[in-house]
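Same order as they appear, the protein sequences are chains A and W. Just so you know, my numbering puts 80 at position 73 of the first sequence, and the rest follows in order with no gaps. Just so you know, my numbering puts 276 at position 283 of the second sequence, and the rest follows in order with no gaps. Beta carbons are placed, not taken as given, at the ideal position from N, Cα and C, and that holds for glycine. Note that this is a predicted model, so its numbers are computed, not measured. So the structure is just underneath, and the comments pick up after that.
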Amino acid sequence: MVRRWFWPSFAVPGVAWLILLFLVPTYAVIAVAFGSLDPISLNPVPAWNPLDWSFSAMQSVLSDLKPGHTFWIVFVRTFEYVAISLAGCLLIGYPVAYYLARYARRTRGILLVLLVVPFWVSYLMRMLAWVGLLLPDGLVNRVLMDLGILSHPYPWLAGQPSSVMFALVYGYVPYMILPLYAVLDRIDRSVLEAGRDLGGSPISTFVHVTLPLSKNGILAASVLITLPMFGDYYTNDVISNSPKTSMIGNQINLFFQQGAAANIGASLVIVLSLLLAVLMSYYLWVTVRASAATKESLL
Amino acid sequence: MSAVSRVRDWLANPWGQPRLLGAFTWAYMVWSIVPVGIAILFSFNNGRSRSVWQGFSTRWWWGDPYNSVLHDPTLRGAIEQSLRLATLDMLVAVPLGVGLAIGLTRWRGYGARPVNYLMLFPLVTPEIVMAVSLLLVFSLLYAIHFGTEAQTLGQVTFSISYVVIIVRGRLLSVGPEYEEAARDLGASQIGAFRLVLLPLLWPAIFASFIVVFALSIDDFVVTDYLSAGQSTQTVPILIYSSVRGTATPALNAVATVMVIITLLSVGLAYLVYRWAARSQPATSNSALNEIAALEV
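Here is the structure:
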């Protein structure tokens, strides 16, 4: 006899872990955001009971979110950087994934290995590499000066939005290519041949067959890299370290690493999470649907 | 052959090799890997600069009696802490994740759906949100010591979901038949689990170890928020805090050590995986697929 508690019991430790270390901490952010600060130590005093909530921190964050105010400027800048970096990742990632899935045959093995290598080199090591190249006396400046494009070293690392976006693209594009490759690789060749046989040009076959079939992959991969980009502060700190390019992540980080107003920081975290909720639910929905589909097709 | 006729040829035969796309792909590979190679090269620089080549030396590796990786306790400490956390993370997250994956796939009750969502949430939560929430709950509610203890708890929390997804993929492709056969042949529930299901899951468990190792080694945000100052800094934290300063090429050497350790362990793990997967029923082709399956 299959005991009913047998299988669920396997999940108990993991579920308990996620409740204690994911759900409760999430509530702690809410309790701090709607709590107060100790007037002397300036440490946060959380309001665990919703009846004790005070909305002053959230109100001050929201008033700074009005067009033209500090947080508004930072949020708009973040959206701008993320949108441009995402476009860059797609423009680089899609052709690479497409070539790998459709054309690479003899070289596919080695290309796949090269594609995965960045996953095994830590993100900050990859940023370290670019800092070395972009320093005033670094290779990039020297090559550009030798070519006569620059007359003196360009300060790439001194608060340049273009450097930050470049670094974001460099950092996140591998995470985009792999899922795109997985989706494009799954497209049946005979579907493409059918498109061609029915008189479609290579371009119209691509537009009417390949692109629609990879649409969900593009969306999922975009969400996958957009979410961490919205919370990224370290790329910015390493490549620019200037308030001129500061993003939401930097703003939140400031409140917790040096600032005294943890309740304002926590309120910002809530605002960011609410903004990202749409993207997060989309990704959750796609994942749950995909795993339900495999379950059905396999069982 | 002129460029125009080449394009025309390609349009006429779409199954031919698009050279431009191929060149673009190779250019991407060069762009993604060469900077890291240059950074590794600069760890052998015979000078204090991380950007101007001053000749080859191993002074930043072991030559310098104070500032080399071998002799500077701060640098060595960062490598040790990275490896310590990776080991702890693997030891805790993999069993928890495997249990959760088995429980979720075989559990046909009301609880399964909410738990399924709960398990996916850490995957989509931006790291800074998770780091802030753990920082607050550890200092205000749980009284957990910052440093190794808190860092491990944090890393395990974001690692579990990856393990669940890898193991669940394998569970779904294996199906319940093998176990049912074992039960029909008289095995107890625990016996069928131990003798049939667990051996079948082993490639996925192995892949989980590799992925959790890589996640832990790579992590910066959660590990930094939950650290207790310099004594518990990992290599990514060390890079973050000193890359813009006057750090010597020893920093590149530390980063290189981590790259070597990761590539060696992944390479070794892959060979073991290939060797072990030989005796497995062919349900999933490679470790790469299991890892790629994570993404969508």
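Taking all protein chains in view, the Cβ of residue 116 of chain W is crowded by 16 or more other Cβ atoms within 10 Å, so the residue is classified as buried. Excluding the 5 residues flanking it on each side, residue 71 of chain W has same chain C-beta neighbours closer than 8 Å at 226, 227, 228, 230, 231, 247, in chain order. Here residue 212 of chain W is buried. Its C-beta has 16 or more other C-beta atoms within 10 Å.
Contact annotation: the region 202 to 212 of chain W touches the region 250 to 259 of chain W, with at least three C-beta pairs closer than 8 Å. Residue 297 of chain A and residue 162 of chain W have their C-alpha atoms spaced approximately 11 Å apart.
Flagged as an interface residue toward chain W: residue 53 of chain A, by a C-beta distance shorter than 7 Å. The continuous alpha helix (DSSP H) containing residue 149 of chain W extends over residues 141 to 167.
Counting only the Cα atoms, residue 273 of chain A lies some 16 Å from residue 239 of chain A. Residue 13 of chain A: member of the alpha helix (DSSP H) spanning 13 to 25, first to last residue. In this structure, residue 29 of chain W keeps its C-beta atom at 7 Å or more from the C-beta atom of residue 243 of chain W. Using a Cβ-Cβ cut-off of 7 Å, residue 100 of chain W counts as an interface residue toward chain A, since at least one Cβ of chain A sits closer than that to its own.
When CB distances to chain W are screened at a threshold of 8 Å, the residues of the region 244 to 277 of chain A falling below it are 244, 245, 248, 256, 259, 260, 263, 269, 272, 273, 276, in chain order. Taking residue 195 of chain W as the centre and dropping the five residues before and after it, the same chain places no C-beta closer than 6 Å to its C-beta. The C-beta of residue 219 of chain A has fewer than 16 other C-beta atoms within 10 Å across all chains shown, which makes the residue exposed. Here the C-alpha atom of residue 158 of chain A lies approximately 32 Å from the C-alpha atom of residue 18 of chain W. For residue 98 of chain W, the uninterrupted alpha helix (DSSP H) segment begins and ends at 66 to 99. In terms of beta-carbon proximity, residue 12 of chain W stays away from the interface with chain A, with every pair separated by 7 Å or more. Separation of residue 201 of chain W and residue 250 of chain A (C-alpha to C-alpha, rounded to the nearest whole angstrom) is 39 Å. At a Cβ-Cβ threshold of 7 Å, residue 76 of chain W and residue 294 of chain A do not count as neighbours. Straight-line measurement puts the Cα of residue 14 of chain W at about 49 Å from the Cα of residue 31 of chain A. In this structure, residue 36 of chain W places its C-beta atom within 7 Å of the C-beta atom of residue 53 of chain W. Two segments are said to touch when three or more pairs of C-beta atoms, one from each, lie closer than 8 Å; by this definition the region 188 to 200 of chain A does not touch the region 246 to 262 of chain A. For the C-beta of residue 211 of chain W, the chain A residues within less than 7 Å are, from N- to C-terminus, 129, 130.
Beta-carbon to beta-carbon, residue 157 of chain W and residue 90 of chain W are separated by about 5 Å, close enough to satisfy the 8 Å threshold. Contact check for residue 269 of chain A against residue 39 of chain A passes: the beta carbons are separated by less than 7 Å.
Counting only residues of its own chain and dropping the five nearest sequence neighbours on each side, residue 87 of chain W has a CB closer than 7 Å to the CB of 156, 198, 201, 202, 205.
Residue state for residue 128 of chain A is assigned as coil, using DSSP reduced to three classes. By the Cβ criterion, the region 130 to 141 of chain W is in contact with the region 214 to 226 of chain W, since at least three pairs of Cβ atoms, one from each stretch, lie closer than 8 Å. Here residue 62 of chain A is exposed: its Cβ has fewer than 16 other Cβ atoms, across all protein chains shown, within 10 Å.
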